[in-house]
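A.B. asks: Pasting a structure below so you can have a look.
Set out below in structure tokens:
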């Protein structure tokens, strides 16, 4: 069964705008990871945030983690058409099980 | 490094046939994961290996599925006999257990 659930399921924005995607999960985790998947391709790792971290940055990406609410957010600033993809959160918990959400489909219009 | 290599990239087979998917992980990684992705169920972890040993196969759908990792540079996922509901994209990923995973391009399986 899936652990992470991304919200929204689909997001459409204009180039240059910021995109925010959210992920909620159910059980305690060791870390949470965000992945990107371009249509018909494999997943690419974007960023990992550990359970004792609250915020992490990587280029135009900013990830936050709130373990009390069991939620995370991925912010992409100054979006580009090339950011169009599906974004997944994945949680890594003590039961050694990695769970992915259903993903958010992001469309960035040029 | 060439990244995670999967073969074949596409497989079309008839129901009842045996299907073998192959994966070559990134050299030096000690964990290997098999995932299945469908529109209905999203991305599901099927099984993962740590140091060539299967650690958790609770995601394997049923006995028709089996996975092996005879050495650190090769793994197979076998479906015997295959059924139309097995049609999906199967991803292999490698990494280190507590860190990010690197995914292969996937094998698109169609069972008719």
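Residue numbers (my numbering), protein chains in the order written: chain A, 86 to 195; chain B, 5 to 116.
Cβ coordinates follow ideal geometry from the N, Cα and C atoms, glycine included.
As the structure is a computational prediction, the values presented were derived from the model and not from experiment.
Please decide whether residue 85(B) counts as near chain C, where near means a Cβ-Cβ distance under 7 Å.
C.D. replies: Note that chain C does not occur in the displayed structure, where the protein chains are A and B.
A.B. asks: Using C-beta distances below 8 Å, list every residue in its chain close to residue 15(B), excluding the 5 sequence neighbours before and after it, in chain order.
C.D. replies: 23, 25, 111, 112, 113, 114
A.B. asks: Secondary structure at residue 71(B), three-state DSSP: helix, strand or coil?
C.D. replies: strand
A.B. asks: Which residues in the same chain have their Cβ closer than 6 Å to the Cβ of residue 89(B), if we skip the five residues on either side of it in sequence?
C.D. replies: Short of 6 Å from the beta carbon of residue 89(B), and not among the five residues preceding or following it, lies no beta carbon of its own chain.
A.B. asks: What number of angstroms, rounded off, separates the C-alpha of residue 139(A) from the C-alpha of residue 96(B)?
C.D. replies: 30 Å
A.B. asks: Going by C-alpha distance, which of 83(B), 105(B), 100(B), 108(B) is nearest residue 18(B)?
C.D. replies: 83(B)
A.B. asks: Counting only C-beta atoms, is residue 108(B) closer than 7 Å to chain A at any point?
C.D. replies: yes
A.B. asks: Would you report the Cα separation of residue 184(A) and residue 48(B), rounded to the nearest angstrom?
C.D. replies: 7 Å
A.B. asks: Taking buried to mean at least 16 other C-beta atoms within 10 Å of its own C-beta, is residue 169(A) buried or exposed?
C.D. replies: buried
A.B. asks: Identify the continuous beta strand (DSSP E) that holds residue 99(B) and give its terminal residues.
C.D. replies: 92-99
A.B. asks: Find the residues of chain B that neighbour residue 187(A), judging by a C-beta separation of less than 7 Å, and give them in chain order.
C.D. replies: 46
A.B. asks: Taking the straight line between their C-alpha atoms, what separation do you get for residue 68(B) and residue 40(B)?
C.D. replies: 15 Å
A.B. asks: When DSSP labels each residue in this structure, what does residue 88(B) get in the three-state scheme?
C.D. replies: helix
A.B. asks: Check residue 170(A) in the structure and name its three-state DSSP category.
C.D. replies: Secondary structure at residue 170(A): strand, using DSSP grouped into helix, strand and coil.
A.B. asks: Would you list the residues sitting across from residue 38(A) in a DSSP beta bridge?
C.D. replies: With chain A running from 86 to 195 in the structure shown, residue 38(A) is simply not present.
A.B. asks: CB-CB under 6 Å to residue 42(B), same chain, minus the five flanking residues each way: which ones, in chain order?
C.D. replies: 92
A.B. asks: Hey, out of 77(B), 73(B), 85(B), whose CA is closest to residue 65(B)'s CA?
C.D. replies: 85(B)
A.B. asks: List, in order along the chain, the chain A residues whose C-beta lies closer than 8 Å to that of residue 100(B)?
C.D. replies: By Cβ distance, chain A contributes nothing, its closest Cβ being about 11 Å from residue 100(B), past 8 Å.
A.B. asks: From the DSSP output, in three-state form, read off residue 14(B) for me.
C.D. replies: strand
A.B. asks: Could you round the C-beta distance between residue 160(A) and residue 147(A) to whole angstroms and report it? I think they count as a contact, below 8 Å.
C.D. replies: 4 Å
A.B. asks: Using 8 Å for Cβ pairs, my map puts residue 109(B) next to residue 45(B). What's the rounded Cβ distance?
C.D. replies: So it is not a contact: roughly 20 Å between Cβ atoms.
A.B. asks: Please look up how many angstroms separate the CB atoms of residue 37(B) and residue 105(B), rounded, as I've assumed it's under 8 Å.
C.D. replies: Indeed, because the Cβ distance is near 6 Å, the residues count as touching under 8 Å.
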